[in-house]
Amino acid sequence: MKCAIETSNLAKYYRVYSKKEGLVPSLVGLFRREYREVHAVRGIDVRVEPGEFVAFLGPNGAGKTTTLKLLSGIITPTSGSASVLGYTPWKRENAYRRRFALVMGQKNQLWWDLPAAESFRLHQQIYDIPEASFRQTMAELAGMMEVEPLLHRPVRELSLGERMRMELIAALLHSPEVLFLDEPTIGLDVTAQFTIHRFLRHYQQTRGTTILLTSHYMKDVDALCRRVIVIAGGRLIYDGSLPGLVERFGGYKIISVLFSDGEVPPDLERFGQIVSREPPRMRLRVDRQVVTATLRELLARYAADDVSVEDPPLEEVVSALFSSAEERSRETAVTLTRA
Amino acid sequence: MASTASTAWTILRISMEERLAYRGDFMLGTLMRFLPIVTQIFLWAAVFSEIEATTNRGATVAGYGYHDMVAYYLLTMLSRAFSSMPGLASGIAREIRSGTVKRFLIQPVDMLYFLFLYRLAHKLVYYAVAVVPFVLVFYLCRGFFVETPQGWVWVAYVVSLLMAFLLGFFLEATIGMLSFWFLEVSSLLFIYMLLSFFCSGHMFPIDMLPEPWATVVKAIPLQYLAYFPAAVFLGKVQGAAMIGGLLMQATWVVAFFLLARWAWHRGARRYSAFGG
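Which chain is which? The protein sequence lines are X and L, in order. In this text, residue positions in the first sequence follow my numbering: the first is 1, and each later residue adds one. In this text, residue positions in the second sequence follow my numbering: the first is 340, and each later residue adds one.
Have a look at this one:
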């Protein structure tokens, strides 16, 4: 089968006006402007098969949103190519626009002073959705999201979580084959996040929609995506499974021991870094290569009621990965300026 | 075609509903618009009675008698009810600055088409409410209308009003699109509003202007927003001049329609290249 999304060496550079502080430089800036080039995305190759649910991760400013904007045709690339469902996004053909949707968690697309049902009607018209399938899709989506009683209330009276659910419904009415979600759970509480996770998982499984998601919440990614793409400094630095990411970049594991005599023995530092010491329990951070050796030694030496070995928390791995990637991109930036 | 009509109707209907969401504010705004005309009537009554007291005969100013003058102001008020577009250009500018303009790059709907229907809805709702005070004011002031148009002049008048709406829309839409190039257009808009106030005939009949200003002002399109429809009604332009004026107005409508489309096209391209 053909790829749903395919990009090749996709790059986007912005030229931004670099304003200096102070009155005199500002006045000079009226006549002579200095520009700085921002390399938001610098050469990304991605292939996504139909029906995949892919997470885009990366620190702020890594190029995630820029990539989504490129793929939805809002912006044109500086170089490289992309094809979504066989279309070049930035040609912005109506045929393509009818087959994808973009939801931005920070932007509101519904009519603020009117009930969501009216915005849905408008979407039905501009996307040319036949009445019967419109009614069916809307009932189905509203049911899954548990928002039927809210359909006729002005959007401005809804909570953030309720509004986000309505945004998603509006975006899905025309049954897009490709869906771009830019931080769909931003600012939501745990319950609202959970509702959206459950919905997206169910929807994606039943419809087989290709979904690209960016998020800062590892919970989103863990709950939804089997494939993870990490971007930092505009470059792709990882493409694979989530456990694979932890394995590759989380170079250690957490050993947790419950000692039988109720006391945590002293001088355990030689086994690894102590994460927490709450007698009779102790948690130890140990290099991946020496986990089995350390366990063997610990158990031979001390009596333990319970032992467990865990992967490090996802957030920790990702944040370590991000900061090392940022350091590297800063280094290249420095070399560039010198050259 | 059927689906196009029902899309248009849905946009129109929803826009009207939105407009009616804040009834109180809207009604008050509509009524406040009638205040200036009252002061105009008193002002010109004072001016003409002063002239008449010193000259002892019926006075005219640039061919306008007292009755003509008041009738002219009432008619420009009606023209402006068609041609003024409060918030159109600044609304477009806001969408571009805040990025909500993206929806017209993503969804299969044309921005100008959508905004046109949105504005039409605003106007329809406005007329539905304003018809009562308009009828009342014109009824109370019926004595100022010495002559009313006959036959085809009525048709010409209505056509000129409708074209005033179209011209006002495409002109302001074009100005709004300039925000694709200059992020801040509020000063520009202020200049446009000042110019429009003087040159459209909203403040005084433009045939009062001395040469060469009268020629200059008649050469730019702003007179078609207020002065021209009123002049047709009052018989200030007749026959061939009237037909010529209508043709010129139509030309400006087409010109600004094309300009607005072009600006959107180029603007969207620039937007995609630089920001988004």
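Glycine included, C-beta positions come from ideal geometry on N, C-alpha and C. Just so you know, these numbers come straight off a predicted model, no measurement behind them.
Within 10 Å of its beta-carbon, does residue i have 16 or more other beta-carbons around it, so buried, or fewer, so exposed?
| i | result |
| --- | --- |
| residue 69(X) | buried |
| residue 466(L) | exposed |
| residue 235(X) | buried |
| residue 336(X) | With a pLDDT of only 46 at residue 336(X), under the threshold of 50, the placement of this residue in the model should not be trusted, and no figure is reported. |
| residue 95(X) | exposed |
| residue 371(L) | exposed |
| residue 339(X) | Because residue 339(X) carries a pLDDT of 34, less than 50, the predicted location of this residue cannot be relied on, and no value is offered for it. |
| residue 324(X) | exposed |
| residue 111(X) | buried |
| residue 450(L) | buried |
| residue 152(X) | exposed |
| residue 203(X) | buried |
| residue 383(L) | buried |
| residue 131(X) | exposed |
| residue 489(L) | exposed |
| residue 532(L) | exposed |
| residue 567(L) | buried |
| residue 478(L) | exposed |
| residue 601(L) | exposed |
| residue 540(L) | buried |
| residue 334(X) | Low confidence applies to residue 334(X): its pLDDT is 47, below 50, so where it sits in the model is not reliable enough to give any reading. |
| residue 143(X) | exposed |
With DSSP as the reference, label residue i as helix, strand or coil.
| i | result |
| --- | --- |
| residue 17(X) | strand |
| residue 258(X) | strand |
| residue 319(X) | helix |
| residue 55(X) | strand |
| residue 7(X) | strand |
| residue 436(L) | helix |
| residue 424(L) | coil |
| residue 278(X) | strand |
| residue 264(X) | coil |
| residue 220(X) | helix |
| residue 488(L) | coil |
| residue 153(X) | coil |
| residue 253(X) | strand |
| residue 289(X) | helix |
| residue 582(L) | helix |
| residue 522(L) | coil |
| residue 32(X) | coil |
| residue 2(X) | coil |
Figure out for me which residue from the options has the closest Cα to the Cα of residue i.
| i | options | result |
| --- | --- | --- |
| residue 128(X) | 37(X), 237(X), 98(X) | 98(X) |
| residue 259(X) | 118(X), 303(X), 135(X), 270(X) | 303(X) |
| residue 40(X) | 231(X), 282(X), 240(X) | 231(X) |
| residue 559(L) | 530(L), 547(L), 591(L) | 591(L) |
| residue 280(X) | 257(X), 208(X), 176(X) | 257(X) |
| residue 188(X) | 295(X), 105(X), 288(X) | 105(X) |
| residue 364(L) | 453(L), 459(L), 468(L), 392(L) | 468(L) |
| residue 305(X) | 261(X), 297(X), 275(X) | 261(X) |
| residue 34(X) | 43(X), 42(X), 21(X), 45(X) | 21(X) |
| residue 314(X) | 270(X), 294(X), 249(X) | 249(X) |
At which residues does the beta strand (DSSP E) containing residue i begin and terminate?
| i | result |
| --- | --- |
| residue 238(X) | 235-241 |
| residue 310(X) | 304-310 |
| residue 180(X) | 178-182 |
| residue 213(X) | 210-214 |
| residue 445(L) | Here residue 445(L) belongs to no beta strand (DSSP E); instead the alpha helix (DSSP H) covers 442-445. |
| residue 48(X) | 35-48 |
| residue 390(L) | Looking at the DSSP string, residue 390(L) is not in any beta strand (DSSP E); the run it does join, the alpha helix (DSSP H), is 374-394. |
| residue 232(X) | 227-232 |
Can you tell me where the alpha helix (DSSP H) holding residue i begins and where it ends?
| i | result |
| --- | --- |
| residue 191(X) | 190-207 |
| residue 163(X) | 160-172 |
| residue 471(L) | 450-479 |
| residue 547(L) | First-last for residue 547(L): undefined, no H or E at that position. |
| residue 532(L) | 525-538 |
| residue 175(X) | No alpha helix (DSSP H) holds residue 175(X); DSSP gives it neither H nor E. |
- Message: Which complete beta strand (DSSP E) runs does the region 73-146 of chain X hold, if anything under 3 residues is left out?
- Response: Runs of the beta strand (DSSP E) inside the region 73-146 of chain X: 79-84, 100-104.
- Mind pulling the alpha helix (DSSP H) runs of 4 or more residues that sit fully within the region 559-612 of chain L? Secondary structure in the region 559-612 of chain L: the alpha helix (DSSP H) runs of 4 residues or longer, each lying completely within the stretch, are 566-573 in chain order.
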